[in-house]
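Student: Handing you this structure, nothing more for now.
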Amino acid sequence: MPELELQPRPGRPKSEEKADAILCAASELFLTKGFQGTSMDAIAQHAGVSKQTVYSHFANKDELFKACIRAKVAGYGFEETAVVDDEDLREALLAITHKFVELLFDPEVIAMHRVVMGEAASHPRIAALFFESGPKRTKSAVCAFLKQQVEKNRLRIDDADLLYASMQLFNTAVGMFQLQLWLGLQDTVEEQEINRHLEHVVDDFLHLYQPS
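Here it is as structure tokens:
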């Protein structure tokens, strides 16, 4: 199981440090025990805080699970995607797709996907929580960026097609690599191979949507 990157940051107010510690503990337990196998009692014990402290920061386990996913996504800067430096549109799209690939190919994210997929059939709410806090947020951020480029006349995409265009960009970016990683057929993808693939993806995207 991959080591977690959600580490408490020193030099912050104790309340925030405790919230970080709770997130770290919850993330680790969700990955190792699954959503259903993780209790708020276990999270409190693993974080070294009282159960009351956990509930003072997070209303319930659903909210804590969503916070763990949001924290992971935020670590890759998708909240700032809509204001990324876009002077060179091709380079901006390469940067965005690279962020997305890095996120989805992160061993911790792959492990969380497996947890969600394993529990989704019997507990579909878990899949909904995951989608709302992860994929939906990233795609919304990229839709906002694409809309910004349309308004600047750098791309030609109808409003009704913005979501489709963002999904098209994402799906072609991950390609077959994601499935191979999820199935454990390979552990990593070479950086050079990813870069070459993303250059083709972005060039094809611009060919489709950039005004001639």
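The working numbering numbers the first residue of the sequence shown as 13 and each following residue consecutively. Yeah, the Cβ is synthetic: ideal placement off N, Cα and C, and Gly gets one too.
Once the 5 residues before and after Ser145 are set aside, which same chain residues still bring their CB inside 6 Å of it?
Tutor: Taking the first residue of the sequence shown as position 1, residue 145 is located at position 133. The residues are Lys78, Ile81 and Arg82.
Student: Could you tell me which of Leu195, Met188, Phe182 and Ala59 sits nearest to Leu158, measuring between CA atoms?
Tutor: Within the sequence shown, the letter at position 146 stands for residue 158. Out of Leu195, Met188, Phe182 and Ala59, Phe182 has the C-alpha closest to the C-alpha of Leu158.
Student: Comparing the C-beta of Val154 with each C-beta of chain B, is any distance below 8 Å?
Tutor: Absent from the structure is chain B; it holds one protein chain and no more.
Student: Suppose you measure from the CA of Leu220 to the CA of Ala33; what does that come to, to the nearest Å?
Tutor: The count along the sequence shown starts at 1 and reaches residue 220 at position 208. The count along the sequence shown starts at 1 and reaches residue 33 at position 21. Each residue's alpha carbon lies about 46 Å from the other.
Student: Output yes or no for whether 8 Å exceeds the beta carbon distance between Leu210 and His135.
Tutor: For this step, residue 210 is matched to residue 198 along the sequence shown. For this step, residue 135 is matched to residue 123 along the sequence shown. No, they are not a contact pair.
Student: In angstroms with no decimal places, state the Cα-to-Cα distance between Ser152 and Ser62.
Tutor: For the purposes of this step, residue 152 is taken as residue 140 along the sequence shown, with counting starting at 1. For the purposes of this step, residue 62 is taken as residue 50 along the sequence shown, with counting starting at 1. Roughly 36 Å between the two C-alpha positions.
Student: Lys84 and Val128 - do their beta-carbons sit closer together than 8 Å?
Tutor: The residue labelled residue 128 in the question sits at position 116 within the sequence shown. The residue labelled residue 84 in the question sits at position 72 within the sequence shown. The answer is no: Cβ separation not under 8 Å.
Student: Could you check how far apart the C-beta atoms of Thr65 and Lys26 are, in whole angstroms? I think they sit under 8 Å.
Tutor: Translated into positions along the sequence shown, residue 65 becomes position 53. Translated into positions along the sequence shown, residue 26 becomes position 14. 10 Å between Cβ atoms; not a contact.
Student: Excluding five sequence neighbours on each side, which residues of the same chain lie with their C-beta closer than 8 Å to the C-beta of Asp74?
Tutor: Along the sequence shown, one-based indexing puts residue 74 at 62. So the qualifying residues of the chain are Arg137 and Leu141.
Student: If you draw a straight line from the C-alpha of Ala177 to the C-alpha of Gly46, how long is it?
Tutor: Position 165 of the sequence shown holds residue 177. Position 34 of the sequence shown holds residue 46. So the two alpha carbons sit approximately 33 Å from each other.
Student: Leaving out the 5 sequence neighbours to the left and right, which residues in its chain are closer than 6 Å to Ala38 when beta-carbon positions are compared?
Tutor: Here residue 38 refers to the residue found at position 26 of the sequence shown. Cβ neighbours of Ala38 beyond the five flanking positions: Ile55, Leu76 and Cys80.
Student: Work out the CA separation of Gly60 and Arg149 for me, nearest whole Å.
Tutor: In the sequence shown, counting from the first residue as 1, residue 149 sits at position 137. In the sequence shown, counting from the first residue as 1, residue 60 sits at position 48. Arg149 and Gly60 have their alpha carbons spaced roughly 31 Å apart.
Student: Taking Phe117 and Leu193 to be in contact with their CB atoms under 8 Å, please state how far apart those CB atoms are, rounded to whole angstroms.
Tutor: Within the sequence shown, numbered from 1, the residue matching residue 117 stands at position 105. Within the sequence shown, numbered from 1, the residue matching residue 193 stands at position 181. Between Leu193 and Phe117 the Cβ distance is about 6 Å, and since that is below 8 Å, they are a contact.
Student: Looking at Leu167: is its Cβ nearer than 8 Å to the Cβ of Cys155?
Tutor: As a first step, residue 167 must be located in the sequence shown, where it is residue number 155. As a first step, residue 155 must be located in the sequence shown, where it is residue number 143. In this structure, Cys155 does not lie closer than 8 Å to Leu167 by Cβ.
Student: Cα separation between Ile270 and Asp215?
Tutor: Outside the shown range of the chain (13 to 224) lies residue 270, about which nothing can therefore be said.
Student: Which one of Leu106, Glu202, Phe217 and His125 has the shortest CA to CA distance from Leu191?
Tutor: Residue numbering aside, residue 191 sits at position 179 when the sequence shown is read from its first letter. Looking at the Cα atoms, His125 is the closest of the given residues.
Student: Return the CA-CA distance between Gly130 and Leu43, expressed in angstroms with no decimal places.
Tutor: Taking the first residue of the sequence shown as 1, we reach residue 130 at position 118. Taking the first residue of the sequence shown as 1, we reach residue 43 at position 31. Here the C-alpha atom of Gly130 lies approximately 12 Å from the C-alpha atom of Leu43.
Student: Measure the alpha-carbon distance for Gly196 versus Asn165 and round it to whole angstroms.
Tutor: Start at 1 with the first residue of the sequence shown, and residue 196 comes out as number 184. Start at 1 with the first residue of the sequence shown, and residue 165 comes out as number 153. Our two residues, Gly196 and Asn165, have alpha carbons roughly 42 Å apart in a direct line.
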